[in-house]
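Those protein sequence lines, which keep their order, are chains U and C.
Residue numbers for the first sequence follow numbering that gives the first Met the number 0, beginning at 0 and rising by one.
Residue numbers for the second sequence follow numbering that gives the first Met the number 0, beginning at 0 and rising by one.
Since the structure comes first, as structure tokens, the remarks are kept for the end.
Number of protein chains: 2
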Amino acid sequence: MSLHIAPKRTRSVVPSATVQRLPIYLHVLSGLRDRGVATISSADLAADSGVTSAKLRKDLSFIGSFGRRGVGYDVDYLHSVLTDWLGVQQEMAVVIVGVGNLGHALASYPGFIQRGFAVEGLIDNDPRLVGQIVQTGRGAVSIEAPDRLIEIAARCQIGVIATPDVAAQSVCDHLIIAGIRDILTFASRVLVVPDDVQVRHIDLGAELAVLASRPRRMTAVSA
Amino acid sequence: MSLHIAPKRTRSVVPSATVQRLPIYLHVLSGLRDRGVATISSADLAADSGVTSAKLRKDLSFIGSFGRRGVGYDVDYLHSVLTDWLGVQQEMAVVIVGVGNLGHALASYPGFIQRGFAVEGLIDNDPRLVGQIVQTGRGAVSIEAPDRLIEIAARCQIGVIATPDVAAQSVCDHLIIAGIRDILTFASRVLVVPDDVQVRHIDLGAELAVLASRPRRMTAVSA
DNA sequence: TAGATTGTTAATCGATTAACAATC
DNA sequence: TAGATTGTTAATCGATTAACAATC
């Protein structure tokens, strides 16, 4: 139908399953680099990452072509490629709402910094917490009261909801008012959001449920 | 090939994507029941759960047939069906290793109890924590030293690893020695396990990465 | 009966895997 | 060159969606 010239591709779509694995590869590459490994094959890198070599190569193929046939991948180079790619994707400020045990754990979670996320705001409605300083991976952040939520969220790109269930929808609404379009929630409640908002929902109970209900393999032989 | 009589089906395999959603439906049904709603259509229940009605009906079809055509689902009945099904699947004891902020959050996570998981053991290698009592949803549990890990894990079906990365593999090995075959880990490290062990890995950084890299929809019209 | 809604089938979509030509 | 390993294609698998016959 269309005789248009193909649009100047910014970056073609990378499957979300692939995006989820890229940070794993990067993490493994960091370890290899620290141990002085210069080159690695897709088979070895895949084994260290807990995936198959075919999957690893397919994943990398979505962002480019970085290996040498017959040789493998240069660890430093591939590390820098993934760092750049993930970095360009991210460099995002995060506001965490709800600073109980879970919020606290998230705020100090080293993986956030490793991947270029910065915890820019912490909000809690408990007056005993407001004003307290929390050490995040990238610096100290003080806990603020809910009346500053919108102001602070307006400076962030991602909102994390770590409140009790009952507060989740209301917090979500405020984050959206502040302009946030990407939300990660740990509340078991399902959030109602406009179409242009992306919600990622981690339900810890559901994770256990899946573990508990997966068919068990009865054979035990193998690596 | 086989002329055998079909094997007495214990419970045919339910896709893991479906198992992940069943607890959501149950949660929504609990809310409906509390508000006195007697009957609900797949369309409404699906909307409340954040899925499509086709997906909801397909999901339910894997565990049976519980609605009335032209009418919908009886809220109490469907609630009890899902409770039973998930309950039979679960009723499992959990040991949590690593009782920092994250481990603490998990130990007191209400969703565990709601789904029939009981936190039976807490392990940490910090002497200042050992002996402390943590209130879980189902009772008080005291934090034990690592030398009791295997003994305690032997009484559990699921192990949760909430330790720093460096300890994760060693903890994992000990859980496996104790006989645990289902592991949920929050460490960013990839775990090496025998074939008969199921590992579920929650990488919070990766979750953010996916959120940050998903193509944004640029149109904003809609519900 | 007429309208509504389920349960199920078949089509579609996306992700994984196997295999191999390209090439270092 | 011969052996090794990538990047990519095509086949497979599993999950989602649309549509509708069954039936309340």
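Think of the CB as a built atom: it goes at the ideal place given N, C-alpha and C, for glycine as much as any other residue.
Quantities reported herein were computed from a predicted structural model and do not represent experimental measurements.
Pairwise C-alpha distance: V133(U) and S29(C):
For the purposes of this step, residue 29(C) is identified with residue 30 of the second sequence, where counting begins at 1. For the purposes of this step, residue 133(U) is identified with residue 134 of the first sequence, where counting begins at 1. So the two alpha carbons sit approximately 36 Å from each other.
With a threshold of 16 other CB atoms inside 10 Å of the CB of T218(U), please say whether the residue is buried or exposed.
Taking the first sequence and counting its residues from 1, one reaches residue 218(U) at position 219. Low confidence applies here, because T218(U) scores a pLDDT of 30, under 50, leaving its location unreliable; read the following figure in that light. Label assigned to T218(U): exposed.
First and last residue of the uninterrupted alpha helix (DSSP H) at I151(C)
If you number the second sequence from 1, residue 151(C) lands on position 152. L148 to A152 is the extent of the alpha helix (DSSP H) around I151(C).
Starting from A208(U), find everything on chain C with Cβ-Cβ shorter than 8 Å and list it in chain order.
Position 209 of the first sequence, counted from the start, is the residue given in the question as residue 208(U). Among the residues of chain C, those whose CB is under 8 Å from the CB of A208(U) are V18, Q19, L21, P22, L85, Q88, Q89 and R114, following chain order.
Are at least three pairs of beta-carbons, each pair with one atom in the region 36–49 of chain U and one in the region 132–146 of chain U, less than 8 Å apart?
Fewer than three beta-carbon pairs drawn from the region 36–49 of chain U and the region 132–146 of chain U are found closer than 8 Å, and the two stretches are therefore not classed as touching.
Does the Cβ-Cβ distance between G204(C) and I160(C) come in under 8 Å?
The residue given as residue 204(C) occupies position 205 in the second sequence. The residue given as residue 160(C) occupies position 161 in the second sequence. 8 Å or more divides the Cβ of G204(C) from the Cβ of I160(C).
How about the region 166–177 of chain C and the region 103–113 of chain C: do they share at least three Cβ pairs that are nearer than 8 Å?
No contact exists between the region 166–177 of chain C and the region 103–113 of chain C.
First through last residue of the alpha helix (DSSP H) which encompasses A211(C):
Taking the first residue of the second sequence as position 1, residue 211(C) is located at position 212. Where A211(C) is concerned, the enclosing alpha helix (DSSP H) stretches over L203 to S212.
Can you tell me the Cβ-Cβ gap for E143(U) and I122(U), rounded? I've got them flagged as a contact below 8 Å.
What you label residue 143(U) is simply residue 144 of the first sequence in a count that begins at 1. What you label residue 122(U) is simply residue 123 of the first sequence in a count that begins at 1. Correct: roughly 6 Å between the Cβ atoms.
Identify the contact partners of N100(U) in chain C, using a Cβ-Cβ distance below 8 Å as the criterion.
Sequence index remark: in the first sequence, residue 100(U) carries index 101 (1-based). Going along chain C in sequence order, the residues near N100(U) (Cβ under 8 Å) are N100, L101, H103, A104 and S107.
Check whether the Cβ atoms of I62(C) and A211(U) sit closer than 8 Å, and answer yes or no.
Here the question's residue 62(C) lines up with position 63 in the second sequence. Here the question's residue 211(U) lines up with position 212 in the first sequence. Not a contact, by the Cβ cut-off of 8 Å.
Excluding the 5 residues preceding and the 5 following D58(C) in the sequence, name in chain order all residues of the same chain whose CB lies nearer than 6 Å to its CB.
Residue mapping note: residue 58(C) aligns to position 59 of the second sequence, counting from 1. These residues qualify, in order along the chain: T17 and R20.
So within the region 100–186 of chain C, which uninterrupted beta strand (DSSP E) runs reach at least 3 residues, ignoring any that extend past its ends?
Listed in chain order, the beta strand (DSSP E) runs fully inside the region 100–186 of chain C are 116–122, 132–135, 138–143, 157–160 and 181–184, counting runs of at least 3 residues.
Run through DSSP, which three-state label would L2(U) get?
Residue 2(U) sits at position 3 when you count from the first residue of the first sequence. With a pLDDT of only 34 at L2(U), under 50, the local geometry of the prediction cannot be trusted, and the value read off the model is given with reservation. Assignment of L2(U) by DSSP, reduced to helix, strand and coil, places it in the coil class.
Identify each residue in the region 110–141 of chain U for which the Cβ-Cβ distance to at least one residue of chain C is less than 8 Å, and report them in chain order.
Under the 8 Å Cβ criterion, the region 110–141 of chain U contributes G110, F111, Q113, R114 and F116.
Along the region 155–180 of chain C, where does the CB come closer than 9 Å to a CB of chain U? Name the residues.
Within the region 155–180 of chain C, the residues whose Cβ lies closer than 9 Å to some Cβ of chain U are Q156, I157, V159, A161, P163, D164 and R180, listed in chain order.
Ordered along the chain, which non-local residues of its own chain (more than five positions away) have a Cβ less than 7 Å from that of D202(C)?
In the second sequence, counting from the first residue as 1, residue 202(C) sits at position 203. Once the five neighbours on either side are set aside, the close Cβ partners of D202(C) are S187.
DSSP on A37(C), reduced to helix/strand/coil?
In the second sequence, counting from the first residue as 1, residue 37(C) sits at position 38. A37(C) falls in the coil class under three-state DSSP.
Comparing alpha-carbon positions, which option in S15(C), G99(C) and G120(C) lies nearest R127(C)?
Looking up residue 127(C) in the second sequence gives position 128. Of the candidates S15(C), G99(C) and G120(C), the one whose C-alpha sits nearest the C-alpha of R127(C) is G99(C).
Secondary structure at D73(U), three-state DSSP: helix, strand or coil?
Against the first sequence, residue 73(U) aligns to sequence position 74. Strand at D73(U).
For R199(U), go through chain C and note every residue whose CB falls closer than 7 Å to its CB, in chain order.
The residue given as residue 199(U) occupies position 200 in the first sequence. Close to R199(U), with beta-carbon spacing below 7 Å, are these residues of chain C in chain order: E206, V209 and L210.
Could you give the C-beta distance for A92(C) and A117(C), rounded to a whole number, given that I count them as a contact under 8 Å?
Counting from 1 along the second sequence, the entry for residue 92(C) is found at position 93. Counting from 1 along the second sequence, the entry for residue 117(C) is found at position 118. The pair is a contact, with the Cβ atoms about 5 Å apart (cut-off 8 Å).
Does G115(U) pass the burial test, meaning 16 or more other C-beta atoms within 10 Å, or should it be called exposed?
For the purposes of this step, residue 115(U) is identified with residue 116 of the first sequence, where counting begins at 1. Residue burial annotation: G115(U) is buried, with at least 16 other C-beta atoms found within 10 angstroms of its C-beta.
When the Cα of G66(U) is compared with those of V192(U), A42(U) and D181(U), which residue comes out closest?
Residue mapping note: residue 66(U) aligns to position 67 of the first sequence, counting from 1. Among V192(U), A42(U) and D181(U), the Cα nearest to that of G66(U) belongs to A42(U).
Sheet register partners of Q88(U) (DSSP bridge):
Here residue 88(U) corresponds to residue number 89 of the first sequence, with the count starting at 1. The bridge partners DSSP lists for Q88(U) come to none.
Euclidean distance between Cα positions of S1(C) and S60(C):
Position 2 of the second sequence, counted from the first residue, corresponds to residue 1(C). Position 61 of the second sequence, counted from the first residue, corresponds to residue 60(C). Low confidence applies here, because S1(C) scores a pLDDT of 36, under 50, leaving its location unreliable and the question unanswered by this model.
Under 8 Å, Cβ to Cβ, is there at least one residue of chain U near S40(C)?
Start at 1 with the first residue of the second sequence, and residue 40(C) comes out as number 41. No, S40(C) does not count as interfacial toward chain U.
Delimiting residues of the beta strand (DSSP E) encompassing R199(C):
The residue labelled residue 199(C) in the question sits at position 200 within the second sequence. First-last of the beta strand (DSSP E) with R199(C): Q197 to H200.
For the candidate residues G69(U), D181(U), Q197(U) and L55(U), whose alpha-carbon lies nearest to that of L25(U)?
As a working mapping, residue 25(U) is identified with position 26 in the first sequence. For the residues G69(U), D181(U), Q197(U) and L55(U), the minimum Cα distance to L25(U) belongs to L55(U).
Reference L69(U), options H78(U), T38(U) and S79(U), closest by Cα
For the purposes of this step, residue 69(U) is identified with residue 70 of the first sequence, where counting begins at 1. Residue identity differs from the one stated: residue 69(U) is Gly in this sequence, not Leu. Checked all of H78(U), T38(U) and S79(U); the closest Cα to G69(U) is T38(U).
Between the CA atoms of I23(U) and Y72(U) - distance to the nearest angstrom:
As a working note, residue 72(U) is residue 73 in the first sequence. As a working note, residue 23(U) is residue 24 in the first sequence. Our two residues, Y72(U) and I23(U), have alpha carbons roughly 16 Å apart in a direct line.
Using only the alpha-carbon positions, how far apart do T51(C) and P163(C) sit?
Translated into the one-based positions of the second sequence, residue 51(C) becomes position 52. Translated into the one-based positions of the second sequence, residue 163(C) becomes position 164. In a straight line, the C-alpha of T51(C) is about 39 Å away from that of P163(C).
Check the Cβ of S48(C) against every Cβ in chain U and list those closer than 8 Å, keeping chain order.
Translated into the one-based positions of the second sequence, residue 48(C) becomes position 49. Neighbours of S48(C) on chain U, chain order: V189.
Less than 8 Å between the C-beta atoms of E119(C) and R154(C), yes or no?
Position 120 of the second sequence, counted from the first residue, corresponds to residue 119(C). Position 155 of the second sequence, counted from the first residue, corresponds to residue 154(C). Against a cut-off of 8 Å, the Cβ pair of R154(C) and E119(C) comes out as a contact.
On the premise that E206(U) lies in contact with R199(C), defined as a C-beta separation below 8 Å, what is that separation, rounded to the nearest angstrom?
Residue numbering aside, residue 199(C) sits at position 200 when the second sequence is read from its first letter. Residue numbering aside, residue 206(U) sits at position 207 when the first sequence is read from its first letter. Correct: roughly 6 Å between the Cβ atoms.
Using only the alpha-carbon positions, how far apart do L183(C) and P14(U) sit?
Mapped onto the second sequence, residue 183(C) falls at position 184. Mapped onto the first sequence, residue 14(U) falls at position 15. Distance from the CA of L183(C) to the CA of P14(U), rounded to the nearest whole angstrom, comes to 25 Å.
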